[in-house]
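Q:
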Ligand code: BES
Ligand code: MN
Ligand code: MN
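Residue numbers (the working numbering): 2 to 458.
(1) Is residue 267 buried or exposed, if buried means 16 or more other CB atoms sit within 10 Å of its CB?
(2) Tell me the rounded alpha-carbon separation between residue 280 and residue 297.
(3) When the Cα atoms are used, what is the spatial distance from residue 17 to residue 417?
(4) I need the DSSP call for residue 169, collapsed to helix, strand or coil.
(5) What is the residue span of the alpha helix (DSSP H) that residue 453 lies within?
(6) CA-CA distance, residue 379 and residue 307?
(7) Starting from the C-beta of residue 288, find all residues in its chain whose C-beta is less than 6 Å away, skip the five residues before and the five after it, and write them out in chain order.
(8) Residue 182: beta carbon under 6 Å from a heavy atom of ligand 1?
(9) Going by DSSP, name the residue or residues bridged to residue 71.
(10) Determine, using beta-carbon pairs with one atom in the segment 168 to 182 and one in the segment 76 to 88, whether at least three such pairs fall under 8 Å.
(11) Just to confirm, are residue 330 and residue 366 a CB contact at a threshold of 7 Å?
(12) Using C-beta distances below 7 Å, list every residue in its chain close to residue 143, excluding the 5 sequence neighbours before and after it, in chain order.
(13) Does the segment 53 to 68 come close enough to the segment 146 to 153 to have 3 or more Cβ pairs within less than 8 Å?
(14) Reducing DSSP to helix, strand and coil, say where residue 128 ends up.
(15) Taking DSSP as the reference, what is the three-state secondary structure of residue 412?
(16) Can you tell me whether residue 201 is buried or exposed, with buried defined as 16 or more other CB within 10 angstroms of its CB?
(17) Over the uninterrupted beta strand (DSSP E) stretch that includes residue 309, give me the two end residues.
(18) Just to confirm, does residue 120 get its C-beta within under 6 Å of one of the non-hydrogen atoms of ligand 3?
(19) Select from 57, 415, 337 the residue whose C-alpha is nearest the C-alpha of residue 250.
(20) Cβ-heavy atom distance between residue 154 and ligand 3 below 6 Å?
(21) May I ask you to report which of helix, strand or coil DSSP gives residue 263?
(22) Could you check the C-alpha separation between residue 36 and residue 43 for me, to the nearest Å?
(23) If you reduce the DSSP assignment to three classes, tell me which class residue 242 lands in.
(24) Would the segment 343 to 352 and the segment 220 to 237 be scored as touching if the rule is three or more Cβ pairs under 8 Å?
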């Protein structure tokens, strides 16, 4: 531990400068105008892996954005850790809400502000620097493989193919990912599950053109009104989802599992204050921690139609649309839920409009083991670097590829995230605490050390 701290201390500034360089690339995967920046980011990641001591570094082409691969095999008899991360980020919009520009990283109050600071550049880069540390201090205890992709934020469609085509190359004993949250530096935690996702778009069409809302209003169904009604019929008064069959495959947690999860520190007033809401909302009968971690949900991510420009325009729109996501928990299946949603909407939609539903991407939920050697190694690493046992939590977000690693490679994952839920992921002013960045770099080598030790015995 002392050797680790010394190395981090004497390279602190450089680590941060390198991360800043990475954060300056506007690697937005959703918007094709950033294509050349995406390719430059992949090259930069490859260069940094090489400099840190990785071998066989390759920028692997796919039908979309490249996947950066690199490895260091020290001894075939040692266990192998596959590190996964993503160099793509979410679009920075709305730009006007950022206090400083999203791709000009700045430190305020000990926090790095930039798009991708936490999700996931700041987090995967800790692994690159921890690897450098282990190489430079001659302490690398496990074989390491890096797979850093560029399409996580748009559904990882090509990563699935890459994994299928590279089953041999990706063989490992555990997948290690830092792309989730912890409670706080005072309350270190490990996420032990991720929700799945079913994401789709719904378009409601009424008349064959936009109409004068005075001339025709009152005689023709307004698609925006119909869409609002359809959306309003997705939850009942207890905020249960009304889609028939939606909960059929949900694995209920036992009372002791629920009690365990509810032990995590949570202050409702702080939670509300942080978000600026007077009351919380959610499925009746469940706590906030259960609602976000263990229960499925349905959210409207965007809704539009008609005139949304400056001033007023009197119009009865021809079309209205919404983007809807459903977060899934074991054993719900993404495709099945998409179908149930579609069937339900079709069954309740009035005849005066037509409905088009287009699925976007999906992913399956996962629960990661808490009795594996790798999980024990993560517990020991955190205990040593934080001085406290990690609290197991369930994350509300999704990393669809985790279920795929299990299915295609037969490898389980450890989610050792160092971000905070309040780091403004996908929001304006995304941030990452400098302290969490360094803490991650100190903890990762301990994971490697304990995973090697536990695998021996
Ligand atoms: N890193 C997040 C997921 C996450 C964040 C998990 C915090 C747990 C805690 C990831 O980059 C992400 O945003 N995933 C998307 C899904 C993807 C298919 C676009 C999500 O969860 O919305
Ligand atoms: Mn992420
Ligand atoms: Mn994300």
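In this text, a Cβ means the ideal position worked out from N, Cα and C, and glycines have one as well.
It should be emphasised that the depicted structure is a prediction, and the values quoted were computed from it without experimental measurement.
A: Reading off the structure:
(1) Translated into the one-based positions of the chain shown, residue 267 becomes position 266. The residue is exposed, with fewer than 16 neighbouring Cβ atoms inside 10 Å.
(2) Walking along the chain shown from the start, residue 280 turns up at place 279. Walking along the chain shown from the start, residue 297 turns up at place 296. Distance between the alpha carbons of residue 280 and residue 297: 20 Å.
(3) On the chain shown, position 16 is the one that residue 17 refers to. On the chain shown, position 416 is the one that residue 417 refers to. Cα to Cα, the separation comes out at about 20 Å.
(4) As a position in the chain shown, residue 169 is number 168, starting the count at 1. Here residue 169 sits in coil by DSSP.
(5) Within the chain shown, residue 453 is the residue found at index 452, counting from 1. Unbroken alpha helix (DSSP H) run through residue 453: 435 to 457.
(6) Translated into positions along the chain shown, residue 379 becomes position 378. Translated into positions along the chain shown, residue 307 becomes position 306. If you take the alpha carbons of residue 379 and residue 307, they lie about 52 Å apart.
(7) Translated into positions along the chain shown, residue 288 becomes position 287. Contacts found: 263.
(8) The residue given as residue 182 occupies position 181 in the chain shown. Within the cutoff, so yes.
(9) Here residue 71 is taken as the residue at index 70 of the chain shown, counted from 1. Paired residues: 147.
(10) yes
(11) In the chain shown, the residue the question calls residue 330 occupies position 329. In the chain shown, the residue the question calls residue 366 occupies position 365. Contact flag set, yes.
(12) Looking up residue 143 in the chain shown gives position 142. Leaving aside the five residues that flank residue 143 on each side, the residues in its chain whose CB is nearer than 7 Å to its CB run, in chain order, 79, 80, 81, 82, 449, 452, 453.
(13) yes
(14) Translated into positions along the chain shown, residue 128 becomes position 127. Note: residue 128 maps to helix in three-state DSSP.
(15) Here residue 412 refers to the residue found at position 411 when the chain shown is read from its first residue. In the displayed model, residue 412 falls within coil according to three-state DSSP, outside both helix and strand.
(16) Against the chain shown, residue 201 aligns to sequence position 200. It is buried - the Cβ of residue 201 has at least 16 other Cβ atoms within 10 Å.
(17) Against the chain shown, residue 309 aligns to sequence position 308. Residue 309 -> no beta strand (DSSP E), and no H or E assigned at all.
(18) On the chain shown, position 119 is the one that residue 120 refers to. Ligand 3 approaches residue 120 closely enough that one of its heavy atoms is under 6 Å from the residue's Cβ.
(19) Residue mapping note: residue 250 aligns to position 249 of the chain shown, counting from 1. Looking at the Cα atoms, 337 is the closest of the given residues.
(20) Translated into positions along the chain shown, residue 154 becomes position 153. Yes, since a heavy atom of ligand 3 falls inside the 6 Å radius drawn around the Cβ of residue 154.
(21) Translated into positions along the chain shown, residue 263 becomes position 262. Residue state, collapsed to three classes: coil.
(22) Counting from one through the chain shown, the residue named residue 36 turns up at place 35. Counting from one through the chain shown, the residue named residue 43 turns up at place 42. When rounded, the distance between both Cα atoms is 11 Å.
(23) The count along the chain shown starts at 1 and reaches residue 242 at position 241. DSSP places residue 242 in strand when its eight states are reduced to three.
(24) yes
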